[in-house]
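Here the structure is laid out as structure tokens; the discussion comes afterwards.
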Amino acid sequence: MGAAGGTDPAGRPPAGSAFRPRPRARSRRGGRWPGGDGGGMRLLFLAVLRPHTGNAVTAQRVRDHLEAAGHVCLLKDAFDFDSPSEIAALIQAEAVEAALALHLYRGGRLLLGHGIPFGIIFGGTDLNEDINQGEKHQVMGTVLGEARFAVAFTESMKAMARLQWPHAKGKIYVQSQGIATAPNTAFNWDAFLQRADIQQSTDNLHVFLLICGLRQVKDPLYLVDAFAEWHQEEPSVYMVIVGPEQTEKFVSEFLKAALNPVSHRPLPIARAPRLPLPHRRLKTDTRSHTFQSRPRLRPAAAFQSRVCVCFSATRSGTLVDPVFTREVKAKVKRATGVRLIPEMPQDDLHAVVKKCFALVNSSVSEGMSAAILEAMDLEVPVLARNIPGNAAVVTHEVTGLLFSDPQEFVQLAKRLISDPALQKELVANGRRYVRMYHSWQAERDTYQHLVRTLEGSPED
75 MGAAGGTDPA GRPPAGSAFR PRPRARSRRG GRWPGGDGGG MRLLFLAVLR PHTGNAVTAQ
135 RVRDHLEAAG HVCLLKDAFD FDSPSEIAAL IQAEAVEAAL ALHLYRGGRL LLGHGIPFGI
195 IFGGTDLNED INQGEKHQVM GTVLGEARFA VAFTESMKAM ARLQWPHAKG KIYVQSQGIA
255 TAPNTAFNWD AFLQRADIQQ STDNLHVFLL ICGLRQVKDP LYLVDAFAEW HQEEPSVYMV
315 IVGPEQTEKF VSEFLKAALN PVSHRPLPIA RAPRLPLPHR RLKTDTRSHT FQSRPRLRPA
375 AAFQSRVCVC FSATRSGTLV DPVFTREVKA KVKRATGVRL IPEMPQDDLH AVVKKCFALV
435 NSSVSEGMSA AILEAMDLEV PVLARNIPGN AAVVTHEVTG LLFSDPQEFV QLAKRLISDP
495 ALQKELVANG RRYVRMYHSW QAERDTYQHL VRTLEGSPED
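According to this note's numbering, the stretch in the sequence shown is residues 75 to 534, in order.
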């Protein structure tokens with residue numbers, strides 16, 4: 075692999091890469107932030123930090139990686155800033171030396187023109203949606219031009235970025251999301267079911283849990299009609315939708331993000347093109363930490379029955395629509411066997427997934443769903459909508475099941491419930507895949523190496 079070929083399993087760049095990490099320098103401006111050791115940099119980290127979302131979880135994990143290397147990160151919500159001038163004031167006030175942004179448009183646009191080095195992490199919707207809007211596309215290209223490095227979660231994301239912005243192809247690296255789960259051991263599953271108004275005995279209960287922000291990109295209504303019909307045939311199956319509503323504050327935040335960062339004129343909206351779904355098997359490339367091979371792994375020897383979960387986590391979407399939120403509430407209220415309850419903390423969420431049997435992602439667009447990977451880590455089978463982002467981490471009938479429409483989802487869900495051998499195989503393969511290709515330690519090594527490129531001038 076060439077200069078932009080990612081890292082090896084130890085987190086080091088590949089041989090022949092243009093990437094040359096330097097020993098960490100002392101802080102050039104002297105002093106330290108609280109908690110720093112004085113030997114790292116003062117970093118500004120911009121991300122969208124809505125509670126319990128994928129972007130927030132990823133940003134907090136990356137911040138921990140960098141602080142473990144002696145840097146101190148000032149993690150800020152990109153939606154808290156109206157313009158780059160506010161970022162300039164923050165940089166001066168906090169003596170920021172370098173920066174990082176999660177999401178090429180939402181965070182990256184705010185880092186332009188400040189004279190400090192920065193890196194970018196692609197979020198997903200920047201490449202899946204924003205890329206199709208002309209002015210945003212131009213801004214993102216400018217961001218990549220100034221960035222010292224850019225991180226994509228998958229090889230397909232890197233390929234898309236290189237195709238759109240050839241001038242940046244030498245600085246794009248691949249690092250899959252590192253996964254670490256920590257379920258709340260004190261979580262009360264019976265109380266959760268009672269909260270969801272599910273009174274049936276847990277002995278023969280199959281709960282499908284859909285966890286998502288009520289946004290169109292997550293398509294929370296995609297399975298409702300088919301599931302309600304299935305519930306009428308089989309009263310032991312339920313779908314519970316768990317996720318944050320879109321508040322007035324979030325609507326305001328979206329309106330700010332939807333404006334052109336230079337002129338503040340509304341941006342044109344373009345429909346994303348249909349992308350071909352990958353079906354062919356690809357070779358393994360351990361240097362990039364992406365699971366490109368789809369080997370048929372041996373199933374584990376034992377499996378315990380669980381409750382079935384349908385899960386589509388809130389991950390880096392764009393559209394906020396209060397009208398759509400009301401539509402979801404109204405339709406769920408009318409649907410039999412479907413419930414809607416508020417979001418919950420991450421450790422409780424992991425406990426819910428751990429108690430369940432299968433997790434389902436029904437999103438229209440994903441970069442890399444940490445929710446899917448977390449379910450695999452928790453030994454929970456996965457059913458995912460067959461979109462490129464999901465197909466990049468789920469191999470049909472090996473590490474999970476892929477469905478293309480609601481009817482196929484119901485068919486596969488029924489098959490999963492009735493086939494313990496398939497359940498056992500998916501669980502074993504999914505856990506093995508996450509442990510091999512989504513190492514938390516490898517992710518830490520990669521970001522700690524890459525951030526060193528932000529020290530000094532580009533010629534150093």
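Using N, Cα and C, we set each Cβ at its ideal position, and we do this for glycine too. Computed from a predicted structure; not experimentally measured.
Requested in this report: Look up G193 in the DSSP assignment and give the residues it is bridged to.
Outcome: L174, F223
Going by Cα to Cα distance, which pick from K405, C147, V484, E220 is closest to F49? Summary: the structure shown does not reach residue 49, with the chain confined to residues 75 through 534, and so no result is reported for it.
When the Cα of S230 is compared with those of N464, V454, R518, which residue comes out closest? N464
Practice task
Helix, strand or coil for R180, going by three-state DSSP, please let me know.
Solution key: coil
DSSP three-state assignment for R124, whether helix, strand or coil:
coil
Helix, strand or coil, according to DSSP, for L186 in the structure here?
coil
inquiry  = With the cut-off set at 7 Å, would you say W263 and K429 are in Cβ contact?
reply    = yes
Legend entry - Proximal residues to N278 (C-beta, below 6 Å), its chain only, five neighbours per side dropped: S310
* Between the C-alpha atoms of G244 and R289, what's the straight-line distance to the nearest angstrom? -> 35 Å
request  = Look at the alpha carbon of I343 and the alpha carbon of M214, and state the distance between them as a whole number of angstroms.
outcome  = The pLDDT assigned to I343 is 30, lower than 50, so where the model puts this residue is not dependable, and the model offers no usable value.
Would L185 and A175 be called neighbours here (beta carbons separated by less than 7 Å)? yes
Notebook entry, point to check: Under a Cβ-count criterion, where at least 16 other Cβ atoms within 10 Å of its own Cβ denotes burial, should S443 be classed as buried or exposed?
Noted result: buried
Helix, strand or coil for R289, going by three-state DSSP, please let me know. coil
request  = Leaving out five residues on either side along the sequence, give the residues of the same chain with a beta carbon under 6 Å from the beta carbon of G182.
outcome  = A175, I194, V217
**Prompt:** Are the Cβ atoms of A167 and F196 separated by less than 7 Å?
**Reply:** no
Original post:
For the beta strand (DSSP E) that M313 lies in, which residues bound it at each end?
Top reply: 311-316
Span of the beta strand (DSSP E) around F477
475-477
- Query: Where does the unbroken alpha helix (DSSP H) through A163 begin, and where does it stop?
  - Reply: 158-168
Original post:
Would you call L297 buried or exposed, if buried means 16 or more other Cβ atoms sit within 10 Å of its Cβ?
Top reply: buried
DSSP three-state assignment for H470, whether helix, strand or coil:
strand
Note down, in chain order, each residue of its chain lying with its Cβ closer than 7 Å to the Cβ of H470, except the 5 sequence neighbours on either side.
-> L476
* Asked: Looking at N278 and the ligand NAP, is the gap between the Cβ and the nearest heavy atom below 6 Å?
  -> In the structure on display, the ligand NAP does not appear, and there are no ligands present to speak of.
| request: Decide if the region 494-501 is in contact with the region 122-137; the criterion is three or more beta carbon pairs, one per stretch, under 8 Å apart. | output: no
Margin query: Let me check one thing: in DSSP terms, what residues is A130 bridge-paired to?
Written below: DSSP lists no partner for A130.
Assigned exposure category for L237 - 16 Cβ within 10 Å defines buried: exposed
| said: Quick check: what's the CA-CA separation for E482 versus V426? | reply: 25 Å
From the DSSP output, in three-state form, read off F431 for me.
coil
Candidates L295, K292, Q274, G287: which alpha carbon is nearest E308's? Q274
A458: first and last residue of the uninterrupted beta strand (DSSP E) it sits in
456-459
Counted within 10 angstroms of its Cβ, other Cβ atoms place Q515 as buried (16 or more) or exposed
exposed
Pop quiz: F119 and L164 are said to be a contact at Cβ under 8 Å. What is the actual Cβ separation, rounded to whole angstroms? So it is not a contact: roughly 12 Å between Cβ atoms.
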